[in-house]
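Residue numbers (my numbering): 1 to 66. For each residue, glycine too, the CB sits at the ideal point set by N, CA and C. Here the structure comes first, spelled out in structure tokens, and everything after it is commentary.
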Amino acid sequence: MANDVFTRIDTFLNEFLTGITEHIQELLSLGWDYSMVYLKPLLTFQMLLEELESRIAYSNTKLYWF
């Protein structure tokens, strides 16, 4: 059960970050530069997601959030 929940969270985060990356690459291919894309909020959000992932621990059949 917990493994299924963790897998769904992991899948969602991967798809979300992939979507952001593809969107940024599309904007850059259209001639935008990094200052126009304004990456700071996206990078901050990515750092928060990475921190969240690092705080998820799987133990037996339960998820523990620290």
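{"Check": "Just to confirm, is the Cβ distance from Phe6 to Leu49 under 9 Å?", "Outcome": "no"}
{"Check": "Measuring straight from C-alpha to C-alpha, what distance separates Phe12 and Gln46?", "Outcome": "13 Å"}
{"Check": "Please say whether Asp4 and Glu53 have beta carbons closer to each other than 9 Å?", "Outcome": "no"}
{"Check": "Where does Gly19 sit, in a helix, a strand or coil, going by DSSP?", "Outcome": "helix"}
{"Check": "Do you know how far the Cα of Asn14 is from the Cα of Leu30?", "Outcome": "24 Å"}
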